[in-house]
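To start, the structure itself, in structure tokens.
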Amino acid sequence: MSTTVEAVSERSAAEVNEAIRDLWLRSGGTLSVEQREEYRRLVLEWAAAVPQPSRAA
Numbered sequence: 009m010s011t012t013v014e015a016v017s018e019r020s021a022a023e024v025n026e027a028i029r030d031l032w033l034r035s036g037g038t039l040s041v042e043q044r045e046e047y048r049r050l051v052l053e054w055a056a057a058v059p060q061p062s063r064a065a
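Counting from 9, one number per residue, gives the positions in the sequence shown under our numbering.
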């Protein structure tokens with residue numbers, strides 16, 4: 009089981025968010041052990057896909 013996060017997501021944050029919503033709908037609101045792992049992976053992917061604000065020096 010890998011714990012690394014890809015620096016850049018292949019999908020947009022909106023696409024990953026939709027996958028998270030679909031997972032919750034399919035689960036009926038209660039995640040199994042396998043679904044919790046999928047949820048964790050999706051949240052990490054979503055975080056990597058969210059645009060980061062630029063910081064002006």
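Even for Gly, the Cβ is constructed at its ideal location relative to N, Cα and C.
Cβ neighbours of residue i in the same chain (closer than 7 angstroms, five flanking residues each side left out)
{"i": "Asn25", "result": "Trp54"}
{"i": "Ala57", "result": "Ser17, Arg19, Ser20, Ala21 and Val24"}
{"i": "Leu39", "result": "Tyr47"}
{"i": "Gln43", "result": "Leu31 and Ser35"}
Proximity below 8 angstroms, CB of residue i to CB of residue j
{"i": "Leu33", "j": "Tyr47", "result": "no"}
Cβ shell of residue i (< 6 angstroms), same chain only, five flanking positions each side left out
{"i": "Ile67", "result": "Outside the shown range of the chain (9 to 65) lies residue 67, about which nothing can therefore be said."}
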